[in-house]
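Below is one structure; the comments refer to it alone.
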Amino acid sequence: MAKRLFALIAVLAMFLMGTSVFAQAADSAVIRYVHALEDAPAVDIYVNGGLSYAGLEYGQATPYLPSAVGTQQLVVTVTGETDAVWEQVIDTAAASAYTLVVSSDNPLGFTAYSDDLNPLPIGRARLTAVHAAPEAPVVDIVLPDGREVIPNLEYNQPYGTLDIPAQNYEFVVIPDGGTVNDAIIPATAFPLATGTYYVAVAFGTSNAEAMLLSAPTLAGEGDFGYLRVVHAVPDAPAVDVYANNSLIIPALAFEQGTEYIAVPAGDYDISLTEAGTTDEVASASLTIEAGTVNLAIAALAGDEVEINAVTGAESLVSADQAAFTVVNLTGDAEVTSEVVEPSTDDLTASVNGDETALGLTGVYGGVYYDVIAIEDAVIALPPVSIPFTAEGVPVALASLPTPEPTPVPEVVVATADPNVVLPTPTPEPQVQAAVPTATGPTARIMLNPGANLHLRRYPSSEAESLGLAPSGTILIVNGREGAPEPPSFFTPTPTPEGAPEPTPYIDPVTLLAEDEDLDPAQTWLFVTYATPDGGTITAWVNALYVFITDARGRQVDLRELPTVPRNRSGEVNGQAAGVAPTQSPFRNVPVATIVGLLEGANLHLRRYANSQAESLALLPNGTQMIILGRSADDAWFQVEYQGTVGWVAAPYVRVTFNDREYDPLQIPIEATPTRTPTATPGA
Numbered sequence: 001m002a003k004r005l006f007a008l009i010a011v012l013a014m015f016l017m018g019t020s021v022f023a024q025a026a027d028s029a030v031i032r033y034v035h036a037l038e039d040a041p042a043v044d045i046y047v048n049g050g051l052s053y054a055g056l057e058y059g060q061a062t063p064y065l066p067s068a069v070g071t072q073q074l075v076v077t078v079t080g081e082t083d084a085v086w087e088q089v090i091d092t093a094a095a096s097a098y099t100l101v102v103s104s105d106n107p108l109g110f111t112a113y114s115d116d117l118n119p120l121p122i123g124r125a126r127l128t129a130v131h132a133a134p135e136a137p138v139v140d141i142v143l144p145d146g147r148e149v150i151p152n153l154e155y156n157q158p159y160g161t162l163d164i165p166a167q168n169y170e171f172v173v174i175p176d177g178g179t180v181n182d183a184i185i186p187a188t189a190f191p192l193a194t195g196t197y198y199v200a201v202a203f204g205t206s207n208a209e210a211m212l213l214s215a216p217t218l219a220g221e222g223d224f225g226y227l228r229v230v231h232a233v234p235d236a237p238a239v240d241v242y243a244n245n246s247l248i249i250p251a252l253a254f255e256q257g258t259e260y261i262a263v264p265a266g267d268y269d270i271s272l273t274e275a276g277t278t279d280e281v282a283s284a285s286l287t288i289e290a291g292t293v294n295l296a297i298a299a300l301a302g303d304e305v306e307i308n309a310v311t312g313a314e315s316l317v318s319a320d321q322a323a324f325t326v327v328n329l330t331g332d333a334e335v336t337s338e339v340v341e342p343s344t345d346d347l348t349a350s351v352n353g354d355e356t357a358l359g360l361t362g363v364y365g366g367v368y369y370d371v372i373a374i375e376d377a378v379i380a381l382p383p384v385s386i387p388f389t390a391e392g393v394p395v396a397l398a399s400l401p402t403p404e405p406t407p408v409p410e411v412v413v414a415t416a417d418p419n420v421v422l423p424t425p426t427p428e429p430q431v432q433a434a435v436p437t438a439t440g441p442t443a444r445i446m447l448n449p450g451a452n453l454h455l456r457r458y459p460s461s462e463a464e465s466l467g468l469a470p471s472g473t474i475l476i477v478n479g480r481e482g483a484p485e486p487p488s489f490f491t492p493t494p495t496p497e498g499a500p501e502p503t504p505y506i507d508p509v510t511l512l513a514e515d516e517d518l519d520p521a522q523t524w525l526f527v528t529y530a531t532p533d534g535g536t537i538t539a540w541v542n543a544l545y546v547f548i549t550d551a552r553g554r555q556v557d558l559r560e561l562p563t564v565p566r567n568r569s570g571e572v573n574g575q576a577a578g579v580a581p582t583q584s585p586f587r588n589v590p591v592a593t594i595v596g597l598l599e600g601a602n603l604h605l606r607r608y609a610n611s612q613a614e615s616l617a618l619l620p621n622g623t624q625m626i627i628l629g630r631s632a633d634d635a636w637f638q639v640e641y642q643g644t645v646g647w648v649a650a651p652y653v654r655v656t657f658n659d660r661e662y663d664p665l666q667i668p669i670e671a672t673p674t675r676t677p678t679a680t681p682g683a
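In the numbering used here, the protein residues as written are 1 to 683.
Right, dumping it as C-alpha cells:
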C-alpha cells in the first residue's frame, strides 16, 4: 500500500497496536551467526534439519534470526552443498540472544556468546568485544592515547559489557600490555548509537580486521516506538544526530542507517550537525508515539536537506514473515511496504518502472528489508531485526537430506527399579589445595570429592574460567555482585532533556522481607583464592556451591555481604590447583548418601522427580550429595552432585547432617513444580 511522505515535525502515524511496552515473544530466542574463519568458503546453516541462513561469507554476520527454545541441532555445509562440514548442538533459553562465531578449524565449530539486550536509557550504548583471531595473542582494546577500554581480551572467551555514552570512539587493538605503536589493528572508528548493543569483533589470521556488530536493546518500562534513522544525502559528510541537545547517533554516513532503536514515547527536538562539529545541517521537532515502527530519512529537497519521516512496516512481523519497505524519494515520493514470505529468492525493488535486485541470499523470517530510492541511486540498507518481537515458529527455507542411520544394537540390562543401573567408575581422591587465613567471611566450596568449581572472570556461568578450585577449598569472600562501576576512560554525561532518567541500580537486598535471604543460585560472590604456588586468583563464584562463615565459624547470610561492582574483572596471579581435597566437604548441610543397592548397581540422578525423567548421572553406593529439598510426597530428594542439580529416589538414600542421622521431614519441600511423563510440552 502506498503512503505519502510527511514532514518530521508532524506526529508519526500510529499503528493499530498496543500503547505500552511492545509484546515480546518470551517463549523464543534469537541467534546471529558470524563467519570469521579465514580462507573458508561461504556456508549454509541448517537448524534442526531446515535451512536457517544461506551464503554466509567470510567477514559477514547475519541479523538476529528467531529460534525455538531448547536443544538446537546445527549442520553447516558449503553453500549449495549438502555434505556437512561440521555439526554442533547448542541450547537456547527463552528470551535470550546469542552470537555464534566460527573462527578456527581446530576445533571446527561455533563459539557461542550470550548477548545482553537489557534496556538502556536514551543517550547510552552498550559495548563488548570478541577476540576471534586464533593466532593473535591476548589483546587490549585501548583509545588512541593508550587508555584501556577492554583489557586482557582472550581468544574465544566472553567479556563483560560497558554501558557508555553514545558517541564516536576510536579504538586500537594492541597486544596485552603493549602500546599503540604495536597495534594489531590500528585506530578504527566505532560510532556507537543510543539504545544499541555493540560487539567489536577482532578476527583474521593473515590480516587482522575488525567488524562492529549491532542490535537494538529492548524497550524498557512504559511506552516506546521504534525508529531507524537513515543518511540519504549524496556527497554529504557524516552527520551527528542530537535529541534535546544530547548526542544520540554519532557519525552517520551516507547510505547508512541505524538499527530500529527503541525510543521512549515523547517529544524531541532533533538536529543534524556535520559530524564532530556544531555546524547544523537540519533540525525539526519530533513526537514519537507509542506502538509505531518508523523511518526518519535525511535527504535532499532541492538544494536543502530535509528530514522525512515515514511509517515503515505495517506491523511487527512474525517469525514466518519478513517486512519489505521501499521509500521512493523521487517523483511522487511514495512508500510501499509489504509482508513477504521467507524464501531462498532475492527481493526486487521497483522504482519508477525500474527494477533493482537487492542481491540477497534469501529472505528470512523476523527480518526487515528497507530500500531508499533517491535521484540516481537506490540504497539497500542492511537487513535488521527487532529481537523477541517475532512471534511464532521460524520457517525453514529448505530441508537438509539426512542419511538413514546405521542401526546400533541396544544393550539392555534388566533391573528391578528404573532408578538403578549398572556400575560406573568413581573418582580417585586427590590432594588438598592451600587454605588461606582471613579475619572476614570465608567460603568453603561444597562439591563432591573429585569435583572442582570454576573461578569466573565475571559473574556469569558463561564467563571465562580463570581456573578450577577443588571441593573443600576455603575462599576469602570480598563481597557479592553489585552495581557496575563506570569505566575510567569517559566522563558521564547528563540524561537528554525530556528523556526518562536511567533506571538506578536496586540492591536485591532492599526487596527482601526481614527474615529472607538472597537466592544463592542467583547470587555471585567476588572471592580471593590462595593458590598452592603462593599466588592468588580473584574471581567470581556462584553462591549455590559454597558455605559462608565468619571468623568465628558462624554462618553468614548473603544479604550481610558488601557489594562489589559486577563489571570488576577477576585476575590470575597464581596457578589453580584444580584437584579435590581428601577430607569430606559435606559439613553443616543435609547430605544424602546412596545405600541399599545391589553390588555393582547404580542409582539414576533424574532431571525431574519422576522415574521416567532424563537420567543426568549414574551414582554408585556410597556417593554423597548435598540435599536441596524434597518432593511433596517424600518419594524424592532434590540434590546437587558435582555441580548438577537433579532428583534421586528417597528409598535408596540415607540422610545425615554432620555425619549424624537427620529427620528428612526437616528438609523443605521443593516449591518448583516437577514435570510428569504426561505433561504437555510448553504447557
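Ideal Cβ placement from N, Cα and C applies to all residues, glycine included.
**Request:** Compute the Euclidean distance between the alpha carbons of Pro668 and Asn658, then round it to the nearest angstrom.
**Result:** Residue numbering aside, residue 668 sits at position 668 when the sequence shown is read from its first letter. Residue numbering aside, residue 658 sits at position 658 when the sequence shown is read from its first letter. One Cα belongs to Pro668, the other to Asn658, and the distance between them is close to 18 Å.
**Element boundaries [beta strand (DSSP E), containing Glu87]** = On the sequence shown, position 87 is the one that residue 87 refers to. From DSSP, the beta strand (DSSP E) with Glu87 extends over Ala84 to Thr92.
**Prompt:** Helix, strand or coil for Ala652 per DSSP?
**Reply:** Your numbering for residue 652 matches position 652 in the sequence shown. In the sequence as displayed, the identity of residue 652 is Tyr instead of Ala. Reduced to three states, the DSSP call for Tyr652 is helix.
**Prompt:** Got a sec: is the Cβ-Cβ distance from Asn152 to anything in chain B below 9 Å?
**Reply:** Checking the listed chains, one finds no chain B in this structure; it contains a single protein chain.
**Message:** DSSP has Gly467 in a bridge; who is on the other side?
**Reply:** For the purposes of this step, residue 467 is taken as residue 467 along the sequence shown, with counting starting at 1. Its beta-bridge partners are Leu455.
**Message:** Given this structure, state the Cα-to-Cα distance separating Glu38 from Thr549, to the nearest angstrom.
**Reply:** Residue mapping note: residue 38 aligns to position 38 of the sequence shown, counting from 1. Residue mapping note: residue 549 aligns to position 549 of the sequence shown, counting from 1. In this structure, the alpha-carbon of Glu38 lies about 51 Å from that of Thr549.
**Complete runs of the beta strand (DSSP E) confined to the segment 98-182 [at least 3 residues]** = 111-115, 124-132, 139-142, 148-153, 162-165 and 168-175
**Request:** Report the rounded CA-to-CA distance for Val477 versus Gly440, giving the unit in angstroms.
**Result:** Counting from one through the sequence shown, the residue named residue 477 turns up at place 477. Counting from one through the sequence shown, the residue named residue 440 turns up at place 440. Taking the Cα positions, Val477 is about 7 Å away from Gly440.
**Request:** Compute the distance between the beta-carbons of Ser206 and Asn156, then report whether it is under 9 Å.
**Result:** The residue given as residue 206 occupies position 206 in the sequence shown. The residue given as residue 156 occupies position 156 in the sequence shown. No.
**Beta-carbon proximity list for Thr623, same chain, < 8 Å, skipping 5 on both sides** = Here residue 623 is taken as the residue at index 623 of the sequence shown, counted from 1. Here the set comprises Thr426, Asn448, Thr593, Ile594, Leu603 and Tyr641.
**Request:** Taking only the alpha-carbon atoms, compute the straight-line gap between Pro532 and Asn573 and give it to the nearest angstrom.
**Result:** As a first step, residue 532 must be located in the sequence shown, where it is residue number 532. As a first step, residue 573 must be located in the sequence shown, where it is residue number 573. If you draw a straight line from the Cα of Pro532 to the Cα of Asn573, it is about 11 Å long.
**Request:** Please say whether Arg559 and Val509 have beta carbons closer to each other than 9 Å?
**Result:** The residue labelled residue 509 in the question sits at position 509 within the sequence shown. The residue labelled residue 559 in the question sits at position 559 within the sequence shown. Cβ atoms of Val509 and Arg559: closer than 9 Å.
**Endpoints, the beta strand (DSSP E) within which Gly70 is located** = Along the sequence shown, read from residue 1 onward, the residue named residue 70 stands at position 70. Counting along the chain, Gly70 sits inside the beta strand (DSSP E) bounded by residues Gly70 to Val78.
**Request:** Please confirm whether Val180 and Val138 have their CB atoms less than 9 Å apart.
**Result:** Along the sequence shown, read from residue 1 onward, the residue named residue 180 stands at position 180. Along the sequence shown, read from residue 1 onward, the residue named residue 138 stands at position 138. No, Cβ-Cβ distance for Val180 and Val138 is not below 9 Å.
**Item:** Three-state secondary structure assigned by DSSP to Glu560
**Value:** The residue labelled residue 560 in the question sits at position 560 within the sequence shown. Of the three classes helix, strand and coil, the one that applies to Glu560 here is helix, per DSSP.
**Request:** Below 8 Å on the Cβ atoms is my guess for Ser615 versus Gly49; work out the distance and round it to an integer in Å.
**Result:** The residue labelled residue 615 in the question sits at position 615 within the sequence shown. The residue labelled residue 49 in the question sits at position 49 within the sequence shown. In fact, because the Cβ distance is near 26 Å, the residues do not count as touching under 8 Å.
**Request:** Might you give, ordered along the chain, the residues of its own chain that have their beta carbon closer than 8 Å to the beta carbon of Ala94, omitting 5 neighbours on each side?
**Result:** Start at 1 with the first residue of the sequence shown, and residue 94 comes out as number 94. Around Ala94: Ala26, Asp27, Ser28, Ala29 and Val69.
**Request:** Go ahead and pull the three-state DSSP assignment for Ala243.
**Result:** One-based indexing of the sequence shown puts residue 243 at position 243. Residue state, collapsed to three classes: strand.
**Message:** Run through the DSSP bridge pairs and tell me what Glu571 is partnered with.
**Reply:** For the purposes of this step, residue 571 is taken as the residue at position 571 of the sequence shown. In the DSSP output, where bridge partners are listed per residue, Glu571 has Thr538.
**Prompt:** Closer than 8 Å: is that where the CB of Val371 sits relative to any heavy atom of the ligand GDP?
**Reply:** Looking for the ligand GDP in the displayed structure turns up nothing, as the structure carries no ligands at all.
**Asked** Taking one C-beta from the segment 267-283 and one from the segment 201-215 each time, how about it: are there three or more such pairs within less than 8 Å?
**Response** no
**Asked** Among Asp663, Val648 and Asp517, which residue has its Cα nearest to the Cα of Asn621?
**Response** The residue given as residue 621 occupies position 621 in the sequence shown. That would be Val648, whose Cα lies nearest to the Cα of Asn621.
**Prompt:** So what does DSSP say about Leu628, is it helix, strand or coil?
**Reply:** Working through the sequence shown from its first residue, we reach residue 628 at position 628. Leu628 falls in the strand class under three-state DSSP.
**Message:** Can you look up Leu618 in the DSSP assignment and give me helix, strand or coil?
**Reply:** Within the sequence shown, the letter at position 618 stands for residue 618. Note: Leu618 maps to strand in three-state DSSP.
**Asked** Within the chosen definition, does the segment 355-363 reach the segment 335-343 through at least 3 CB pairs nearer than 8 Å?
**Response** Contact between the segment 355-363 and the segment 335-343 is present, because at least three Cβ pairs lie under 8 Å.
**Message:** Using a 10 Å radius around the Cβ and a threshold of 16 neighbouring Cβ atoms, would you call Ala253 buried or exposed?
**Reply:** Position 253 of the sequence shown holds residue 253. It is exposed - the Cβ of Ala253 has fewer than 16 other Cβ atoms within 10 Å.
**Message:** Within the continuous beta strand (DSSP E) that includes Pro186, where are the two ends?
**Reply:** Taking the first residue of the sequence shown as 1, we reach residue 186 at position 186. Here the beta strand (DSSP E) through Pro186 covers Ile185 to Pro191.
**Prompt:** Taking the C-alpha atoms as reference points, what is the distance between Val639 and Glu462?
**Reply:** Numbered from its first residue, the sequence shown carries residue 639 at position 639. Numbered from its first residue, the sequence shown carries residue 462 at position 462. Their Cα atoms are separated by approximately 23 Å.
**Asked** Roughly how many whole angstroms lie between the Cα atoms of Pro216 and Val85?
**Response** Position 216 of the sequence shown, counting from 1, holds the residue named residue 216. Position 85 of the sequence shown, counting from 1, holds the residue named residue 85. Those two C-alpha atoms are separated by around 32 Å.
**Item:** Where Tyr545 falls: helix, strand or coil (DSSP)
**Value:** In the sequence shown, counting from the first residue as 1, residue 545 sits at position 545. In this structure, Tyr545 counts as helix in the three-state DSSP scheme.
**Message:** Using 8 Å for Cβ pairs, my map puts Ile445 next to Tyr368. What's the rounded Cβ distance?
**Reply:** Against the sequence shown, residue 445 aligns to sequence position 445. Against the sequence shown, residue 368 aligns to sequence position 368. The pair is not a contact, with the Cβ atoms about 48 Å apart (cut-off 8 Å).
**Prompt:** Whole-angstrom Cβ separation of Val337 and Gly302, contact assumed at under 8 Å?
**Reply:** Working through the sequence shown from its first residue, we reach residue 337 at position 337. Working through the sequence shown from its first residue, we reach residue 302 at position 302. The question names Val, but residue 337 in the sequence shown is Ser. With 8 Å as the limit, Ser337 and Gly302 do not qualify as a contact, their Cβ atoms being about 26 Å apart.
**Asked** What are the start and end residues of the beta strand (DSSP E) that includes Ala40?
**Response** The residue you call residue 40 lines up with position 40 of the sequence shown. Careful: Ala40 lies outside any beta strand (DSSP E) and carries neither H nor E.
**Asked** What's the call for Thr128, buried or exposed, on a 16-neighbour Cβ count within 10 Å?
**Response** Numbered from 1 along the sequence shown, position 128 holds the residue referred to as residue 128. Result: buried.
**Exposure of Ser285, with buried meaning 16 or more beta-carbon neighbours within 10 Å** = Start at 1 with the first residue of the sequence shown, and residue 285 comes out as number 285. By the neighbour-count rule (16 or more Cβ atoms within 10 Å), Ser285 is not buried but exposed.
**Request:** Give the single residue among Ala377, Pro250, Glu255 and Val263 whose Cα lies nearest to the Cα of Gly226.
**Result:** Position 226 of the sequence shown, counting from 1, holds the residue named residue 226. According to the sequence shown, residue 226 is Tyr rather than Gly. For the residues Ala377, Pro250, Glu255 and Val263, the minimum Cα distance to Tyr226 belongs to Val263.
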